[in-house]
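Residue numbers (my numbering): 11 to 130.
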């Protein structure tokens with residue numbers, strides 16, 4: 011390698027260490043190489059994805075919404091329903107009036123740009 015560089019660029023001398031460092035930077039490790047399955051970006055899969063995207067856009071243009079519905083949301087809603095059915099009978103007129111007064115006071119403070127105090 012040193013001889014080739016000396017022939018191409020007269021008067022230039024490179025050490026073995028410098029050439030080695032340069033070549034090592036050019037090598038790829040096994041971690042950097044990614045083997046992609048043949049089905050990953052095949053023409054068939056690209057056509058399926060394009061068809062799905064077109065159907066999705068058409069669905070959205072009709073004014074329909076896409077909602078992510080999974081078991082976590084379902085269990086959370088079930089928990090909220092149970093909490094509501096358990097605590098609704100315990101809500102008294104006194105509690106509603108007290109909360110309404112609390113909200114009214116804090117809205118007035120916000121309109122007057124005063125600091126709100128929570129928990130009092």
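Glycine included, C-beta positions come from ideal geometry on N, C-alpha and C. A quick note: this is a predicted structure, and the numbers were derived from the prediction, not measured.
- Nearest to residue 29 by C-alpha distance, out of 100, 12 and 124, is 12.
- Taking C-beta atoms as the reference points, residue 27 and residue 16 fail to come closer than 8 Å.
- Judged by DSSP in its simplified three-state form, residue 86 adopts helix.
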